[in-house]
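**Student:** Chains A and B supply the protein sequences, listed in that same order. Okay, so the first sequence: first residue is 12 according to our numbering, each after it adds one. Okay, so the second sequence: first residue is -11 according to our numbering, each after it adds one.
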Amino acid sequence: MAGKPPSAVDTRAQVDSDLGIEKREFRLLEWMADRGIFVFTTALVLVAALFIDGFASLANITDVFNRAAPIGIVAVGMTFVVISANYLDLSVVAQVATAAVVLIAVSNASSIPAAMALAFLIALAYGLVNGVAVGVFKANAVIVTLSTTFIGLGILRWLTGGSIYFGPPEGPIRSFGTTKIGPFPLSMIVLVLITIALSLVLTRTNFGFLVKSYGSNREATRLAGVNTAWVVVGAFILSALGAMLGGFVLAAFSNTAVSAMSTGFDFRALAAIIVGGTSVFGGKGSVMRTLLGVVFVSVLTNIMVLSGLGFGYQQMAIGALIVAAVSVDSLARKAAVT
Amino acid sequence: MADPILECRGVSKHFGAVQALYKVDFEVRPGEVMALVGDNGAGKSTLIKGIAGIYPFDEGQILFEGKPVKIHGPKDSSDLGIEVVYQDLALADNLDVVANMFLGREKVQNGFVIDEANMERTARETLTGLSVTTLQSVRQVVAGLSGGQRQSVAVAKAVMWNSKVVILDEPTAALGVAQTRQVLDLVKRLADQDLAVVIISHNLHDIFEVADRITSLRLGQTVDLFQTSEVTQQDVVHSITAGRMKYVPGMEQEEETA
Chain A
12 MAGKPPSAVD TRAQVDSDLG IEKREFRLLE WMADRGIFVF TTALVLVAAL FIDGFASLAN
72 ITDVFNRAAP IGIVAVGMTF VVISANYLDL SVVAQVATAA VVLIAVSNAS SIPAAMALAF
132 LIALAYGLVN GVAVGVFKAN AVIVTLSTTF IGLGILRWLT GGSIYFGPPE GPIRSFGTTK
192 IGPFPLSMIV LVLITIALSL VLTRTNFGFL VKSYGSNREA TRLAGVNTAW VVVGAFILSA
252 LGAMLGGFVL AAFSNTAVSA MSTGFDFRAL AAIIVGGTSV FGGKGSVMRT LLGVVFVSVL
312 TNIMVLSGLG FGYQQMAIGA LIVAAVSVDS LARKAAVT
Chain B
-11 MADPILECRG VSKHFGAVQA LYKVDFEVRP GEVMALVGDN GAGKSTLIKG IAGIYPFDEG
49 QILFEGKPVK IHGPKDSSDL GIEVVYQDLA LADNLDVVAN MFLGREKVQN GFVIDEANME
109 RTARETLTGL SVTTLQSVRQ VVAGLSGGQR QSVAVAKAVM WNSKVVILDE PTAALGVAQT
169 RQVLDLVKRL ADQDLAVVII SHNLHDIFEV ADRITSLRLG QTVDLFQTSE VTQQDVVHSI
229 TAGRMKYVPG MEQEEETA
């Protein structure tokens, strides 16, 4: 080949300098969408430690971890659904409550292994129903999981009559919920281990790779001969297993279970995922980011609790946080295209 | 002259009441660039989608290396060694060049663990083999590439799988002059490596530059098969717009007279 033609890199550089000012303005958004969480989380923890009375105490830190763990475990599983560009899995609300009630109620009546096995089957059923409806029938994930939440909570309330189940005052469930290693409750260690495992699944395996590529461009993935339905089913099954483990941990922490105990888990988990920097448009994100997002959301909630701001304020803050995060995500994406 | 590696005999396809293809014959030989031309709605895209297994044909026969084959899905055609580079390129914007080139066929160790180093090496070798030199890094995200670079990545992806037939759908439609040059050079290199190349294009200038033969479609039928060296652009334009059709739509038997 004689004489290399002027490469495309040259033309891009030119475009960049033409739009110099605009570009620089948008870079900030891209930076926030990409790196913001590291800075914001660090800043928030520092501010809390310095200015909020009682934040830096051992008892408070343990409490933050205890409350963060169930939501975190749900969120790292749900991250796969978000990366696959299916928005979110709202049915985690029903799944967490179901797993918690099954763990306590069935282990009271029979045994813990039986309770866990039943919860596992229920989680698989949730993952399959959601995954098949979305992946095979191409139904909208928000509507499908909203509906399965309704079905799941309906069944749970019908079977339990809305009553509260208490675990035995002593036993494996209670001791799991109370054991600590330093300031770290066991539930937090479970969260970290699951995060590492799922992070490896996302970055190192065939399946994780396909979840990302499906989320990035589902048509291209389909044309490459991938069985895309199974990618979606797999993402929803991981989300369901996360919700099951989150339910176990939640039940162990309070040693009680009731169908209404997981209210708000869907949006708290979503907040953690997108504040962490995983894009709601799919294809981009990581499980480790979700862990950081969980820390951010939990510390923010804790600061509000310590400052005497009630549940209403916390809900408003989570809502505002989601709006801000998706807006930054959206603007950064638009800026990246131009 | 080599025998055709891919041959379609009398293939038809209809969508509801619309007959998109009617008894189309099409062939391509190894080491040859075959252009596929026709007006909008002539059936070019339907023909390649049939070959790619996206919309399997209703009737007719596909022969690959002289043997009849059945193509029911994208997997079937890629197993045979047929790769299609789609007009919208079918690249995943958020993934890097390597990930895109291996999309759907990732190299794995122990059954499911991605072998990144191996994938990166193969991708780089393929790009170098095609003299694609404008990429700064194979770890670049595809969203940041120019149109010509994206096209090059899509073509490299297609040839990486020891493919025998590469079909390019409008590869230069969205490109500037210099980038079109890059892609046309790339097309010629593919044919030099003894691949069979099918190129769909509206740009007769590009076609006369790279194609050895030209198949012209009109209203879902094959109207002409030219040797590029024996015709002028005028002849091809005439064929595209007013070529004689063998079959009258709605009638089964062949017309006897011109």
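We put the beta carbon where it would ideally sit given N, CA and C, even for glycine.
#1: Against T301 (chain A), what residues of chain B qualify as contacts under a CB-to-CB distance less than 8 Å, listed in chain order?
#2: Is the separation between the beta-carbon of V86 (chain B) and that of V126 (chain B) shorter than 7 Å?
#3: Which runs of the beta strand (DSSP E), 3 residues or longer, sit entirely within the region 179 to 210 of chain B?
#4: Whole angstroms is fine: what's the gap from T239 (chain A)'s alpha carbon to I82 (chain A)'s?
#5: Could you list which residues in chain A have their beta carbon closer than 7 Å to that of G92 (chain B), in chain order?
#6: Measuring alpha carbon to alpha carbon, tell me which of A:L281, A:M299, A:L61, A:L164 ends up nearest L99 (chain A).
#7: Shortest alpha-carbon distance to V130 (chain B) belongs to which of B:E94, B:V153, B:A80, B:R93?
#8: So which residues on chain A does F100 (chain B) lean against when the C-beta distance must stay under 8 Å?
#9: Could you have a look at F52 (chain B) and say whether DSSP puts it in helix, strand or coil?
#10: For N313 (chain A), decide whether its Cβ has a neighbour in chain B, counting only Cβ atoms nearer than 7 Å.
#11: Run through chain A and tell me which residues come within less than 8 Å of A78 (chain B), C-beta to C-beta.
#12: So, helix, strand or coil for V6 (chain B), using DSSP?
#13: Do A184 (chain B) and I(-7) (chain B) have their C-beta atoms closer together than 7 Å?
#14: At a CB-CB cut-off below 8 Å, which residues of chain B make contact with K295 (chain A)?
#15: With a CB to CB cut of under 8 Å and the five nearest residues on each side skipped, what residues in its chain are close to N106 (chain B)?
#16: According to DSSP, is E20 (chain B) helix, strand or coil?
#17: Which residues mark the beginning and the end of the alpha helix (DSSP H) in which E158 (chain B) is found?
#18: Is the beta carbon of T206 (chain A) less than 7 Å from the beta carbon of V87 (chain A)?
#19: Would you tell me roughly how many angstroms separate the C-alpha atoms of I200 (chain A) and A262 (chain A), rounded to the nearest one?
#20: I'd like to know whether the C-beta atoms of I48 (chain A) and L303 (chain A) end up nearer to each other than 7 Å.
#21: Between the region 50 to 64 of chain B and chain A, which residues of the former have CB atoms less than 8 Å from a CB of the latter, in chain order?
#22: Output yes or no for whether 7 Å exceeds the beta carbon distance between E15 (chain B) and E(-5) (chain B).
#23: For S204 (chain B), is the beta carbon positioned less than 6 Å from some heavy atom of the ligand HEM?
#24: What in chain A is Cβ-close to V96 (chain B), meaning under 7 Å?
#25: I need the DSSP call for P194 (chain A), collapsed to helix, strand or coil.
#26: Is the beta carbon of V75 (chain A) closer than 7 Å to that of S309 (chain A)?
#27: For S151 (chain B), I'd like the list of residues in its chain whose CB is within less than 8 Å of its CB, leaving aside the five on either flank, ordered along the chain.
#28: What residues in the region 185 to 212 of chain A bring their beta carbon closer than 7 Å to a beta carbon of chain B?
**Tutor:** By the coordinates alone:
#1: Counted from its first residue, the first sequence places residue 301 (chain A) at position 290. Here the premise fails: no neighbours, minimum Cβ distance about 17 Å.
#2: Along the second sequence, read from residue 1 onward, the residue named residue 86 (chain B) stands at position 98. Along the second sequence, read from residue 1 onward, the residue named residue 126 (chain B) stands at position 138. In this structure, the beta-carbon distance from V86 (chain B) to V126 (chain B) falls below 7 Å.
#3: Counting only runs of 3+ residues, the beta strand (DSSP E) found wholly inside the region 179 to 210 of chain B occupies 184 to 188, 201 to 206, in chain order.
#4: In the first sequence, the residue the question calls residue 239 (chain A) occupies position 228. In the first sequence, the residue the question calls residue 82 (chain A) occupies position 71. T239 (chain A) and I82 (chain A): Cα-Cα distance of roughly 28 Å.
#5: For the purposes of this step, residue 92 (chain B) is taken as the residue at position 104 of the second sequence. In chain order: T232, A235, G236, V237.
#6: Your numbering for residue 99 (chain A) matches position 88 in the first sequence. Out of A:L281, A:M299, A:L61, A:L164, A:L281 has the C-alpha closest to the C-alpha of L99 (chain A).
#7: Taking the second sequence and counting its residues from 1, the one referred to as residue 130 (chain B) is at position 142. If we check each option's Cα against that of V130 (chain B), B:A80 comes out closest.
#8: By 1-based counting over the second sequence, the position of residue 100 (chain B) is 112. Within 8 Å Cβ-Cβ: T216, N217, F218.
#9: Taking the first residue of the second sequence as 1, we reach residue 52 (chain B) at position 64. In the structure shown, F52 (chain B) adopts extended strand secondary structure according to DSSP, grouped into three states.
#10: As a working mapping, residue 313 (chain A) is identified with position 302 in the first sequence. Interface with chain B (7 Å Cβ-Cβ cutoff): N313 (chain A) is excluded.
#11: Numbered from its first residue, the second sequence carries residue 78 (chain B) at position 90. Under the 8 Å cutoff, chain A gives N228, E230, A231, L234, A235.
#12: Working through the second sequence from its first residue, we reach residue 6 (chain B) at position 18. Of the three classes helix, strand and coil, the one that applies to V6 (chain B) here is strand, per DSSP.
#13: Position 196 of the second sequence, counting from 1, holds the residue named residue 184 (chain B). Position 5 of the second sequence, counting from 1, holds the residue named residue -7 (chain B). For A184 (chain B) and I(-7) (chain B), yes; Cβs fall inside 7 Å.
#14: The residue given as residue 295 (chain A) occupies position 284 in the first sequence. N82, listed in chain order.
#15: Numbered from its first residue, the second sequence carries residue 106 (chain B) at position 118. Within the same chain, N106 (chain B) has close Cβ partners K95.
#16: Position 32 of the second sequence, counted from the start, is the residue given in the question as residue 20 (chain B). Coil at E20 (chain B), not helix or strand.
#17: Stepping through the second sequence from its first residue, residue 158 (chain B) is reached at position 170. In this chain, E158 (chain B) is not harboured by any alpha helix (DSSP H), its DSSP state being neither H nor E.
#18: Numbered from its first residue, the first sequence carries residue 206 (chain A) at position 195. Numbered from its first residue, the first sequence carries residue 87 (chain A) at position 76. Annotated as proximal: T206 (chain A) and V87 (chain A), with beta-carbon spacing under 7 Å.
#19: The residue labelled residue 200 (chain A) in the question sits at position 189 within the first sequence. The residue labelled residue 262 (chain A) in the question sits at position 251 within the first sequence. CA-to-CA, the gap between I200 (chain A) and A262 (chain A) works out to about 16 Å.
#20: For the purposes of this step, residue 48 (chain A) is taken as residue 37 along the first sequence, with counting starting at 1. For the purposes of this step, residue 303 (chain A) is taken as residue 292 along the first sequence, with counting starting at 1. Contact check for I48 (chain A) against L303 (chain A) passes: the beta carbons are separated by less than 7 Å.
#21: Here the close residues are G61, P62, K63.
#22: In the second sequence, counting from the first residue as 1, residue 15 (chain B) sits at position 27. In the second sequence, counting from the first residue as 1, residue -5 (chain B) sits at position 7. Yes, these two residues count as a Cβ contact at 7 Å.
#23: Only the bare structure without any ligand can be found here, which leaves the ligand HEM out of the picture.
#24: Taking the second sequence and counting its residues from 1, the one referred to as residue 96 (chain B) is at position 108. For the C-beta of V96 (chain B), the chain A residues within less than 7 Å are, from N- to C-terminus, N217.
#25: Taking the first sequence and counting its residues from 1, the one referred to as residue 194 (chain A) is at position 183. Coil, per DSSP.
#26: Taking the first residue of the first sequence as position 1, residue 309 (chain A) is located at position 298. Taking the first residue of the first sequence as position 1, residue 75 (chain A) is located at position 64. In terms of Cβ geometry, S309 (chain A) and V75 (chain A) form a close pair [threshold 7 Å].
#27: As a working mapping, residue 151 (chain B) is identified with position 163 in the second sequence. Closer than 8 Å at the Cβ level, and outside the excluded window around S151 (chain B), lie S66, G69, I70, E71, L183.
#28: Contacts with chain B (Cβ-Cβ distance below 7 Å) from the region 185 to 212 of chain A involve no residue at all.
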